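Sequences listed follow chains A and B, in order. Throughout the first sequence, residue numbering follows numbering that gives the first Met the number 0, covering 0 to 172 in sequence. Throughout the second sequence, residue numbering follows numbering that gives the first Met the number 0, covering 0 to 327 in sequence. For each residue, glycine too, the CB sits at the ideal point set by N, CA and C. Treat the numbers as computed from the prediction; the structure is a model and nothing was measured. One structure is given here, and the rest of the page talks about it.
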Amino acid sequence: MTIVVNGAALDAPHDARVSLLDFLRETCGLSGTKKGCDQGACGACTVLADGERILSCLSLAVQYEGRSITTIEGLGQPGRLHPLQQAFVEHDGFQCGYCTPGQICSAVGMAAEIARGVPSHVTVDLGGEDILLSHEELRERMSGNLCRCGAYNGIVEAIAETYGAETLAEAAE
Amino acid sequence: MTPFRYMRATDAASAVLKGGAAGARYLGGGTNLVDLMRENIETPESLVDVTGLPGGIDELPGGGLRIGAAVRNTALAEHRAVRLRYPMLARAILAGASGQIRNMATVGGNILQRTRCSYFYDEAGSRCNKRHPGEGCDAVGGFNRNHAILGASSACVAVHPSDMCVALAALDAVVHLRGNGGERRLAFTALHRLPGELPDVDTMLQPGELITAVEIPPMPFAARSTYRKVRDRSSYAFALVSVAAALDVEGGQVRDVRIALGGVAHKPWRAERAEALLRGGPLSATSFAAAAEAELASAQALSGNGFKIDLARRTLVAVLEDLSGEIA
Ligand SMILES: Cc1cc2nc3c(=O)[nH]c(=O)nc-3n(C[C@H](O)[C@H](O)[C@H](O)COP(=O)(O)OP(=O)(O)OC[C@H]3O[C@@H](n4cnc5c(N)ncnc54)[C@H](O)[C@@H]3O)c2cc1C
Ligand code: FES
Ligand code: FES
């Protein structure tokens with residue numbers, strides 16, 4: 000079995016100790032995914048596994064054999080940026096950029112959760128079918144991604160423009 | 000991290016065979032175990048990945064739910080039956096960790112996650128009876144703001160960190176176990192233990208025993224239930240104190256009630272005294288206060304966590320008021 004990374008099938012490491020994060024950065028040469036804390040506390044290492052956001056630092060690479068990983072490099076590249084990458088550029092969604100790949104992968108996963116109707120800690124009506132991505136919902140759902148530069152205003156604007164309640168309402172019109 | 004073998008189990012029988020071997024541990028999402036292995040606090044020789052075991056969320060005849068141990072935390076919180084019939088459980092899960100961690104974490108792993116006591120984590124610099132039985136506890140005289148106020152011992156003042164487990168304790172859940180000796184069931188409230196003189200033993204599980212499922216009995220009044228978590232920041236922080244409660248009211252009287260507290264003890268704390276005082280009594284601010292008072296009567300403060308006793312009382316009263324307001 001192999002791990003599929005951004006569409007390419009790769010052999011899992013022989014040493015089971017290798018984290019998915021180190022596998023991506025060291026073996027695959029995909030240094031977009033960042034190591035912040037290496038203990039689950041910052042979100043910088045967020046990637047998508049079969050479309051779901053996970054922390055690659057708390058994952059062993061071998062756990063993801065047979066699954067498909069998407070990193071920031073797989074979402075978009077210069078010249079053909081993902082809409083959310085473009086929005087981060089336009090809204091100054093970063094300063095040093097260290098947290099950015101994790102923020103973007105996390106927000107892409109979050110948007111899929113909203114579309115599926117997954118509630119959050121701040122969702123008032125647990126029985127509701129549709130969830131609107133208000134700023135309160137957005138901040139709660141993105142709380143697993145810290146930004147030491149405090150670029151939160153730009154981050155929130157970029158995500159809201161791409162996936163927010165107003166955007167979704169416009170799209171529906 | 001010390002080297003280890005990684006194996007996948009596809010059914011409970013083969014998992015137990017592999018997991019019963021010396022030095023073997025089960026692996027759920029890994030969000031706690033991998034972290035502790037990296038800190039050299041856990042040093043298993045082999046990991047048996049049990050996330051591929053069968054078992055989703057199934058309706059039981061009579062209205063309960065059977066939840067496979069490998070079900071992810073997100074999947075449990077988003078399930079419609081949980082949201083509508085046991086909202087305290089959905090809310091407890093959603094109050095914990097982050098979106099990413101909830102996608103990874105399994106029900107079995109959440110139940111068996113270990114304490115977040117900073118002295119337990121400090122392998123290099125602190126004494127901890129949980130890590131090295133008999134060496135002493137640096138939390139007792141140290142920074143113990145987050146530590147236990149109920150049921151602690153002089154050997155250990157750590158708390159169980161889970162939010163989900165507080166709801167499971169309140170909901171009369173039952174844990175399904177499988178070991179080399181066969182299968183058995185255990186009341187959820189009897190799974191975790193108080194530290195006493197053996198703080199290195201977190202639970203009543205036998206070595207190598209596997210959690211296969213958690214069963215929640217039907218509890219129609221739990222449709223009116225909630226979970227309230229008090230923490231230092233509004234998201235992505237462990238509980239200082241939390242309360243899961245369900246209230247059944249008829250004609251201004253409390254017909255039935257379930258309450259459990261989190262962040263206060265070595266195990267999810269089922270508030271039996273408060274429940275007994277409330278059951279059959281009036282629905283009033285006075286009785287809520289008396290129940291909270293009785294539950295916390297045996298609380299003991301450490302040097303840094305005295306505030307938690309009042310916080311627990313007030314949070315309990317506030318939750319009961321919320322629930323009774325919803326009903327009135
Ligand atoms: C930064 C951070 C913040 C967090 N915040 C919160 C919070 O606010 N609230 C909260 O409740 N939790 C919080 N958590 C903890 C998180 O909920 C747990 O790490 C998670 O639930 C563990 O599940 P897992 O499947 O990843 O367990 P694993 O790490 O895979 O396993 C944990 C333990 O369970 C055992 N195990 C797993 N499955 C089984 C089984 N089926 N049978 C027997 N044994 C089994 C393993 O051997 C191991 O000992 C946080 C974690 C992190 C890293
Ligand atoms: S590096 Fe993974 S959460 Fe910080
Ligand atoms: S932009 Fe620097 S950490 Fe977020």
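Neighbours of H120 of chain A in chain B, taken as residues at a C-beta separation under 8 angstroms, are given in chain order as R90, L93, A94 and S234. Judged by beta-carbon spacing, S224 of chain B lies within the 8 angstroms limit of P86 of chain B, meaning their Cβ atoms are closer than that value. With the criterion set as a beta carbon lying under 7 angstroms from some beta carbon of chain A, the members of the segment 98-130 of chain B are G98, Q99, I100, N102 and M103, in sequence order.
When the beta-carbon positions are compared, I210 of chain B and L64 of chain B stay at least 8 angstroms from each other.
Counting only runs of at least 3 residues, the segment 20-78 of chain A fully encloses the following beta strand (DSSP E) elements, listed from N- to C-terminal order: 45-48, 51-54 and 67-69. Scanning its chain for C-beta atoms nearer than 7 angstroms, with the 5 sequence neighbours on each side dropped, one finds around I154 of chain A the residues G92, Q102 and C146, in chain order. Those residues that bring their Cβ nearer than 5 angstroms to a heavy atom of ligand 3 are A:F93, A:Q94, A:C95, A:Y97, A:C98, A:C146, A:R147, A:C148 and A:A150. By the neighbour-count criterion, in which 16 or more other beta carbons inside 10 Å mark a residue as buried, D247 of chain B falls on the buried side.
Secondary structure of S241 of chain B (DSSP, three-state): strand. Residue burial is scored here from C-beta neighbours: R140 of chain A has at least 16 other C-beta atoms within 10 angstroms and is therefore classed as buried. Not one beta carbon of chain B lies nearer than 8 angstroms to the beta carbon of Q102 of chain A.
Around the Cβ of S233 of chain B, a 10 Å sphere holds fewer than 16 other Cβ atoms; the residue is exposed.
In the three-state reduction of the DSSP assignment, C164 of chain B falls in the helix class, which pools H, G and I. The C-beta of R223 of chain B comes no closer than 8 angstroms to any C-beta of chain A.
Residue-level contact by beta carbon holds for E77 of chain B and chain A, with a gap shorter than 8 angstroms. Chain-order list of chain A residues neighbouring R4 of chain B: A15, by C-beta distance under 9 angstroms. With 16 or more other CB atoms across the displayed protein chains lying within 10 angstroms of its CB, P118 of chain A is buried. DSSP places L59 of chain B outside both helix and strand once states are collapsed to three, so it counts as coil. Against D48 of chain B, the close residues of chain A are Q62, in the order they occur along the chain (beta-carbon pairs closer than 7 angstroms).
A direct Cα-to-Cα measurement between R254 of chain B and R7 of chain B gives close to 47 angstroms.
Interface criterion met: the Cβ of G29 of chain B is under 8 angstroms from a Cβ in chain A. Taking a cut-off of 8 angstroms for Cβ pairs, the segment 259-278 of chain B and the segment 138-151 of chain B touch, as three or more such pairs fall below it. R101 of chain B sits close to T73 of chain B, with the two beta carbons spaced by under 8 angstroms. A Cβ-Cβ separation of about 17 angstroms leaves G27 of chain B out of contact with G98 of chain B under the 8 angstroms criterion. A Cβ-Cβ contact shorter than 8 angstroms links T314 of chain B with V240 of chain B. Scanning B:D10, B:V165, B:A23 and B:A20 for the CA closest to the CA of P53 of chain B turns up B:D10. Inter-segment contact for the segment 159-169 of chain B and the segment 186-197 of chain B is present: three or more beta-carbon pairs are separated by less than 8 angstroms.
Scanning its chain for C-beta atoms nearer than 7 angstroms, with the 5 sequence neighbours on each side dropped, one finds around A15 of chain A the residues L59 and V61, in chain order. Within 10 angstroms of the beta-carbon of V200 of chain B lie fewer than 16 other beta-carbons, which makes it exposed.
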